[in-house]
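**Student:** Got a structure here, written out as structure tokens. Questions coming.
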Amino acid sequence: MLGHAGLRAVIGYWSVVAVATAAVVSTLSYYITVDRGQGAALFGFVGSAWSIGYLAGSLVAGRLRPERMGRRMLGTGFAVGAFLLATAATDAPAVYLAAAFGIGAALATLLVSYMTLRASWTPDALMGRVGSTARTLSLGLQPLGLLAGGAVIEAADGGTALAAMGALAIMASLAFAGSTTLRDARPDHDGAGGSPRAEVPRG
29 MLGHAGLRAV IGYWSVVAVA TAAVVSTLSY YITVDRGQGA ALFGFVGSAW SIGYLAGSLV
89 AGRLRPERMG RRMLGTGFAV GAFLLATAAT DAPAVYLAAA FGIGAALATL LVSYMTLRAS
149 WTPDALMGRV GSTARTLSLG LQPLGLLAGG AVIEAADGGT ALAAMGALAI MASLAFAGST
209 TLRDARPDHD GAGGSPRAEV PRG
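My numbering puts the last residue of the sequence shown at 231; the count rises by one with no breaks.
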């Protein structure tokens, strides 16, 4: 994996976004019910909108053309950040519902694209090694994102925490957009794609 620029970029970008937004659900709950005083019922509707968006994004992502999968990852990560900023800037329930749907759809599309690229670029002999490394970077570091989110809520409020997560997702998307390897990434199942498969170490 260390010798494969495509895998490094894809896993790195996904890990940054995953850690940056690790506390988004708990922060949304606090923001809506405590900061805005909207009540638990609205948060329930927001959660439902998120779930519907996630389902829709999952279904649509599998039908999209693979040629622009890298740009799709970057675009959906940017969209997540923009929706979080929009949520933090208003007290309108309609915006919360629309943003929750958008976040769910964007995250699902981002995850499907990430998993597709990671799997297509990884040879069978390295699946376990690459998978465990990727999980360590994303899932293993998510407690840091949860801790940071809680600290921001304690120091300021839920809106500030949501804005910080959104800003981080947008900055990560802009930073990784400078990587041609990630921008032009597409699945490669036959050796003719946008990024060659990682080589299996020998010896």
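For glycine and all other residues, C-beta sits at the position ideal for the given N, C-alpha and C. This structure is a prediction, so every number in the text was calculated from the model and none was measured.
Can you look up residue 159 in the DSSP assignment and give me helix, strand or coil?
**Tutor:** helix
**Student:** Are the beta-carbon atoms of residue 142 and residue 47 separated by less than 8 Å?
**Tutor:** no
**Student:** Using the rule of at least 16 other Cβ atoms within 10 Å of the residue's Cβ for burial, across every protein chain shown, is residue 166 buried or exposed?
**Tutor:** buried
**Student:** Kindly confirm or deny that the region 48-65 and the region 164-181 touch, where touching means at least three C-beta pairs closer than 8 Å.
**Tutor:** yes
**Student:** Can you tell me whether DSSP reads residue 229 as helix, strand or coil?
**Tutor:** Because residue 229 sits at a pLDDT of 41, beneath the cut-off of 50, its placement in the model cannot be relied upon, and the following sentence gives the value as read from the coordinates. Note: residue 229 maps to coil in three-state DSSP.
**Student:** Let's test the definition: count the other Cβ atoms within 10 Å of the Cβ of residue 63 and tell me whether it reaches 16, buried, or not, exposed.
**Tutor:** buried
**Student:** Contact defined as beta carbons within less than 8 Å: I believe residue 104 pairs with residue 138. What is the distance between those atoms, to the nearest angstrom?
**Tutor:** 4 Å
**Student:** Looking at the secondary structure, which residues open and close the alpha helix (DSSP H) in which residue 167 lies?
**Tutor:** Element bounds for residue 167: n/a, residue is neither H nor E.
**Student:** Take residue 208 as the anchor and find which of 102, 44, 121 and 88 has the nearest alpha-carbon.
**Tutor:** 102
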